[in-house]
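A short write-up of the structure that comes next.
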Amino acid sequence: MHDTLPLLLSTDFPAPRRSQLTTLQVNLGYRCNQTCLHCHVNAGPNRTETMDDANVERIPRVLAARGLAALDLTGGAPELHPRFRWLVAAARNLGVKVIDRCNLTILSEPGQEDLAEFLAAQRVEVVASLPCYLEENVDGQRGKGVYERSIAGLKQLNALGYGKPRGQPGSGLDLHLVYNPAGASLPPAQAGLEAAYKQELEALHGIVFNRLYTIANMPILRFGSTLVSRGQFANYMALLKSSHSLDNLGQVMCRELVSADWQGRLYDCDFNQMLDLPMQGVTTLSDLLEMGVADQPIRVADHCYGCTAGQGSSCGGALDEAGCGT
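Under our numbering, the first residue of the sequence shown is numbered 7, with each subsequent residue one higher.
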């Protein structure tokens with residue numbers, strides 16, 4: 007695999023500073039039941055990295071000590087961690103919102119048959135990856151049968167009340183979908199694509215959801231290496247830089263979020279985590295128990311242009327609210 011970090015470190019990206027911390031994002035490990043080309047984590051079934059008990063049990067203490075509003079769980083497939091359900095319940099007992107970055111096919115993995123019911127009982131917000139509403143596109147990107155299993159997972163979540171429009175009986179269980187482009191291009195306008203997803207998924211399968219998040223592919227790890235192999239890296243970086251919008255800088259996720267890896271080390275965002283660019287000053291979950299991070303400088307490199315290009319891109323989708331659906 008090609009290492010793209012040396013291609014990214016020399017940068018003129020305007021470094022922001024942190025505001026008030028609201029969200030702790032935790033990568034529980036790199037094991038996943040899928041292997042996706044765009045995956046910036048390079049996750050897969052053969053990865054063995056997983057967070058130990060000491061760090062898992064430290065997370066609720068950090069949430070309480072810092073008064074955080076949200077715990078954002080990712081991986082790999084975070085649900086494959088043996089303490090995933092314990093951690094979700096512990097955070098919910100504190101009144102913290104829990105977000106599960108779910109790939110949908112995990113809901114039909116052996117041993118996970120009751121996972122959807124658990125998520126609903128804990129009122130976990132599900133952010134589910136679905137790169138298209140058409141079967142051939144999804145299976146072409148992620149493997150044969152992924153679309154069918156993803157649709158089955160969405161139907162399972164809908165049956166439990168997920169994805170209903172606000173104000174309807176039984177609503178309040180949030181289900182959001184995530185779109186990543188298949189290649190070296192920016193995502194289309196979020197509002198229009200969200201409308202198309204809603205129309206097609208309801209017409210084809212009777213599926214409903216709340217929001218669609220469009221997220222740009224980052225030129226790091228598996229996707230970045232593929233760009234290098236295909237001779238597309240320079241052109242993709244030129245696209246990101248030429249599409250940079252300074253207006254997006256005030257809304258990037260790293261201003262209110264810190265990202266912890268499976269070893270409990272802290273980063274300004276999930277992408278910096280994958281590049282091994284740790285935070286400055288407060289460097290571990292243990293540190294975060296004792297110290298805040300407000301007004302600290304944020305480490306940047308050229309991949310940061312992926313978060314400010316076009317409508318902007320973050321874990322919550324497009325940043326340019328004028329271009330977002332409701």
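For every residue, glycine included, the Cβ atom is placed at its ideal position computed from N, Cα and C.
Remember, it's a predicted structure, so these values are computed and weren't measured experimentally.
Exposed unless 16 or more other CB atoms sit within 10 angstroms - verdict on residue i
{"i": "A315", "result": "buried"}
{"i": "G101", "result": "exposed"}
{"i": "R172", "result": "exposed"}
{"i": "E85", "result": "buried"}
{"i": "G230", "result": "buried"}
{"i": "P303", "result": "exposed"}
{"i": "N52", "result": "exposed"}
{"i": "A300", "result": "exposed"}
{"i": "T54", "result": "exposed"}
{"i": "M297", "result": "exposed"}
{"i": "P116", "result": "exposed"}
{"i": "S16", "result": "exposed"}
{"i": "L210", "result": "exposed"}
{"i": "S341", "result": "With the chain covering 7 to 332 only, the question about residue 341 has no answer from this structure."}
{"i": "G178", "result": "exposed"}
{"i": "E327", "result": "Any reading at E327 must be qualified, since the residue scores a pLDDT of 43, below 50, and its modelled position is unreliable; the value itself is stated next. The residue in question, E327, is exposed, as its Cβ has fewer than 16 Cβ neighbours within 10 Å."}
{"i": "P225", "result": "buried"}
{"i": "S156", "result": "buried"}
{"i": "L272", "result": "buried"}
{"i": "D18", "result": "exposed"}
{"i": "L140", "result": "exposed"}
Where residue i falls: helix, strand or coil (DSSP)
{"i": "H8", "result": "coil"}
{"i": "E333", "result": "No answer is possible for residue 333: the residues shown for the chain start at 7 and end at 332."}
{"i": "S114", "result": "helix"}
{"i": "H211", "result": "helix"}
{"i": "D58", "result": "coil"}
{"i": "T289", "result": "coil"}
{"i": "E327", "result": "Any reading at E327 must be qualified, since the residue scores a pLDDT of 43, below 50, and its modelled position is unreliable; no value is offered."}
{"i": "K103", "result": "strand"}
{"i": "G35", "result": "strand"}
{"i": "S135", "result": "strand"}
{"i": "A75", "result": "coil"}
{"i": "V299", "result": "coil"}
{"i": "R217", "result": "strand"}
{"i": "P66", "result": "helix"}
{"i": "A21", "result": "coil"}
{"i": "V184", "result": "strand"}
{"i": "T80", "result": "strand"}
{"i": "G6", "result": "Outside the displayed span of the chain (7 to 332) sits residue 6, for which this structure offers no information."}
{"i": "G169", "result": "coil"}
{"i": "T28", "result": "coil"}
{"i": "L250", "result": "Reading off the sequence, residue 250 comes out as His, not Leu. If DSSP states are grouped into helix, strand and coil, H250 belongs with the strands."}
{"i": "R271", "result": "strand"}
Supposed close pair residue i, residue j - CB separation, criterion 8 Å
{"i": "D106", "j": "L79", "result": "6 Å"}
{"i": "L183", "j": "Y203", "result": "6 Å"}
{"i": "L245", "j": "L192", "result": "7 Å"}
{"i": "L166", "j": "V132", "result": "In fact, because the Cβ distance is near 10 Å, the residues do not count as touching under 8 Å."}
{"i": "S4", "j": "R23", "result": "The displayed coordinates of the chain run from 7 to 332. Any statement about residue 4 would go beyond what the structure contains."}
{"i": "Q317", "j": "A195", "result": "7 Å"}
{"i": "Y242", "j": "A190", "result": "4 Å"}
{"i": "G50", "j": "L110", "result": "With 8 Å as the limit, G50 and L110 do not qualify as a contact, their Cβ atoms being about 17 Å apart."}
Alpha carbon of residue i to alpha carbon of residue j, nearest angstrom
{"i": "G118", "j": "A83", "result": "Looking at the sequence provided, one finds Gln at residue 118 rather than Gly. Answer to the nearest angstrom: the Cα atoms are 12 Å apart."}
{"i": "L263", "j": "L295", "result": "15 Å"}
{"i": "G329", "j": "D59", "result": "Low per-residue confidence applies at G329: pLDDT is 34, beneath 50, and the placement is therefore not dependable enough to give any value."}
{"i": "L281", "j": "A222", "result": "17 Å"}
{"i": "E206", "j": "G287", "result": "48 Å"}
{"i": "D120", "j": "V130", "result": "14 Å"}
{"i": "V32", "j": "L14", "result": "24 Å"}
{"i": "E154", "j": "Y219", "result": "21 Å"}
{"i": "Q128", "j": "R98", "result": "7 Å"}
{"i": "A96", "j": "F239", "result": "43 Å"}
{"i": "P20", "j": "L77", "result": "28 Å"}
{"i": "C275", "j": "K161", "result": "32 Å"}
{"i": "Y185", "j": "N278", "result": "21 Å"}
{"i": "G146", "j": "P137", "result": "10 Å"}
{"i": "A122", "j": "Q174", "result": "21 Å"}
{"i": "N61", "j": "D253", "result": "37 Å"}
{"i": "M57", "j": "A126", "result": "24 Å"}
{"i": "T290", "j": "E142", "result": "43 Å"}
{"i": "H87", "j": "G81", "result": "9 Å"}
Cβ of residue i within 7 Å of any chain B Cβ
{"i": "L136", "result": "The structure shown contains no chain B; it holds only a single protein chain."}
Report yes or no: do three or more beta-carbon pairs, one from the stretch 63-74 and one from the stretch 10-26, lie closer than 8 Å?
no
When the Cβ atoms of the stretch 297-313 are set against those of the stretch 247-260, are three or more pairs found closer than 8 Å?
yes
Count Cβ pairs between the stretch 267-278 and the stretch 21-39 that sit closer than 8 Å; are there 3 or more?
yes
Counting Cβ pairs closer than 8 Å, one from the stretch 146-155 and one from the stretch 201-216, do we hit at least three?
no
Spell out a yes or no on whether the stretch 230-237 and the stretch 212-219 are touching, meaning 3 or more CB-CB pairs, one atom from each, closer than 8 Å.
no
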